[in-house]
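Beneath this line is the structure, given in structure tokens, with notes to follow.
There are 2 protein chains.
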Amino acid sequence: MSGTSEGQMERGGKPAEVRRRSGVGPSVDALGQDLAHEAWALLFEVMHAHMRNFPALAAEFELSPVQAHVVRQLGEGPLAMSTLATYLSCDASNVTGLVDRMEVRGLVERRSSEHDRRVKMLVLTEAGAALRERLLERLAEPPAVIANMPEGDLKSLRDIMRRARER
Amino acid sequence: MSGTSEGQMERGGKPAEVRRRSGVGPSVDALGQDLAHEAWALLFEVMHAHMRNFPALAAEFELSPVQAHVVRQLGEGPLAMSTLATYLSCDASNVTGLVDRMEVRGLVERRSSEHDRRVKMLVLTEAGAALRERLLERLAEPPAVIANMPEGDLKSLRDIMRRARER
DNA sequence: CCTAAACAATTGACAACATCAACCTTTGAT
DNA sequence: ATCAAAGGTTGATGTTGTCAATTGTTTAGG
């Protein structure tokens with residue numbers, strides 16, 4: 001959509017995290033970037049297969065990928081359609097049809113908000129909640145790459161990711 | 168923004184079920200499983216957050232997500248349509264239209280195989296290869312979660328993933 | 001109070017993506 | 001030579017996505 005040339009400005013410039021050691025050869029910035037690049041490339045490579053497997057996983061529950069995502073998100077409680085659209089980063093008009101189909105299948109329910117009658121809140125039906133339970137269980141199963149990791153690696157990985165999410 | 172009051176409840180509470188181990192009981196197996204589950208859950212979350220904006224990333228190059236994936240896969244050399252279908256885990260008939268559109272845009276070329284005239288090999292055009300170059304560069308940019316990691320975490324992550332890949 | 005702007009959801013038109021079934025050509029085996 | 005199997009295309013159909021326009025409901029201003 002927007003220009004084809006400015007894509008990397010924001011991302012690349014952001015880590016103003018200047019880890020400034022005393023001048024040792026090449027800028028530590030560049031070194032840190034290389035490190036991040038390599039770690040990211042590896043992570044991407046290792047996880048790629050499993051991410052692409054998601055459609056098939058959703059299909060185990062006769063859900064499309066997006067529907068699975070909705071079921072997953074909808075567990076906490078009622079969500080407005082527009083909020084869901086934001087979560088899915090898609091147009092609101094898209095959510096209408098999406099929810100239509102899921103409603104037909106008895107997974108979710110539209111419920112008018114009392115405070116604001118423009119808003120329709122989405123809730124999982126009982127069947128939807130049951131499905132969600134099974135889905136989450138299935139999603140929680142770590143793939144072989146993870147399951148086969150030595151305990152030390154698992155601990156480190158967990159801690160690293162915990163820290164990362166709090167940032 | 169969202170009319171409701173919830174949305175952030177779950178994020179902190181997810182690993183709650185994992186926590187119950189304090190004393191003697193659980194075998195190392197069970198502990199390892201819980202650990203793997205938690206590490207996987209965290210990793211899954213991070214990767215999914217990244218996958219969510221893959222469409223937007225592809226759009227920076229005026230590519231659909233699938234097209235971006237094709238451009239990426241097609242770098243190594245000529246690929247038969249059926250092979251591509253396998254890579255994409257989709258039906259062969261789907262690839263026809265996909266490639267049609269990309270061919271119209273001058274990104275790829277169908278080339279008949281000499282050994283087997285049923286087969287059509289796909290190659291990137293020069294423009295396609297150039298686009299791929301830029302795309303790969305963009306894909307290599309680590310997302311904020313990675314870019315903001317302290318150097319120690321990055322090193323550990325890199326090493327863990329290196330080991331994982333070799334398994 | 002009344003009107004205008006803003007917002008939530010829907011509708012309709014349209015494109016990409018996905019599947020299935022049917023088809024044509026080519027290949028390879030019998 | 002025949003026939004089954006494989007590679008690719010076509011056609012029908014459904015889901016997902018966008019955008020533009022519409023309906024109904026707040027909310028703000030005059």
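Listed in order, the protein sequences are those of chains A and B.
First residue of the first sequence: 1, per this note's numbering; consecutive thereafter.
First residue of the second sequence: 168, per this note's numbering; consecutive thereafter.
For glycine and all other residues, C-beta sits at the position ideal for the given N, C-alpha and C.
Model, not experiment: these values are computed from the prediction.
Item checked: Alpha carbon of A127(A) to alpha carbon of L107(A), nearest angstrom -> 6 Å
Note to self: For Y254(B) and V104(A), what's the separation of their Cα atoms in angstroms?
What the structure shows: 33 Å
Notebook entry, point to check: Using a Cβ-Cβ cut-off of 8 Å (strictly less than) and excluding sequence neighbours within five positions of L136(A), which residues of its own chain qualify?
Noted result: R72, G75
Note to self: Considering just the uninterrupted stretch of the alpha helix (DSSP H) at L135(A), what are its terminal residues?
What the structure shows: 126-140
Next item on the list: Could you tell me which uninterrupted alpha helix (DSSP H) segments, each at least 4 residues in length, are contained entirely in the stretch 52-134 of chain A, listed from first to last along the chain?
Entry: 54-59, 65-73, 81-87, 92-104
Next item on the list: Classify M316(B) as helix, strand or coil using the three-state DSSP reduction.
Entry: coil
Next item on the list: Have a look at V119(A) and P150(A) and give me their C-alpha separation to the nearest angstrom.
Entry: 49 Å
Check: What did DSSP end up calling E166(A) once you bin it into helix, strand or coil?
Finding: coil
Check: Are the beta-carbon atoms belonging to L209(B) and M47(A) less than 8 Å from one another?
Finding: no
Notebook entry, point to check: Which chain A residues are close to R325(B), counting only those with a beta carbon under 8 Å from its beta carbon?
Noted result: L35, E38, A39, L42
Note to self: To the nearest angstrom, how far is the alpha carbon of K322(B) from that of E205(B)?
What the structure shows: 21 Å
Next item on the list: Given a cut-off of 8 Å, decide if P78(A) and V123(A) are closer than it, judged by their beta-carbon atoms.
Entry: yes
Check: Using a C-beta cutoff of 8 Å, does E318(B) count as contacting chain A?
Finding: yes
Next item on the list: Run down chain A in chain order and give the residues with a C-beta less than 7 Å from the C-beta of A337(B).
Entry: Nothing about residue 337(B) can be read from this structure; chain B reaches only from 168 to 334.
Margin query: Measuring only the C-alpha atoms, how far is R301(B) from R334(B)?
Written below: 31 Å
Next item on the list: Out of A297(B), M248(B), N261(B), R305(B), point me to the one whose CA is closest to R277(B)'s CA.
Entry: M248(B)
Item checked: Beta-carbon proximity list for R163(A), same chain, < 8 Å, skipping 5 on both sides -> none
Next item on the list: Spatial neighbours of V95(A) within its chain, please: CB distance less than 6 Å, with the 5 preceding and 5 following residues excluded, ordered by chain position.
Entry: M81, L84, A85
Check: Are the beta-carbon atoms belonging to P309(B) and A49(A) less than 8 Å from one another?
Finding: no
Item checked: chain A contact for R334(B) (CB, 8 Å cutoff) -> yes
Notebook entry, point to check: Using a beta-carbon distance below 8 Å, is P232(B) in contact with chain A?
Noted result: no
Checklist line | Separation of D100(A) from L131(A), as counted between CA atoms | finding: 18 Å
Notebook entry, point to check: Does the distance from the C-beta atom of R138(A) to that of L57(A) stay below 8 Å?
Noted result: yes
Next item on the list: Report buried or exposed for E281(B), applying the criterion of at least 16 other Cβ atoms within 10 angstroms of its Cβ.
Entry: exposed
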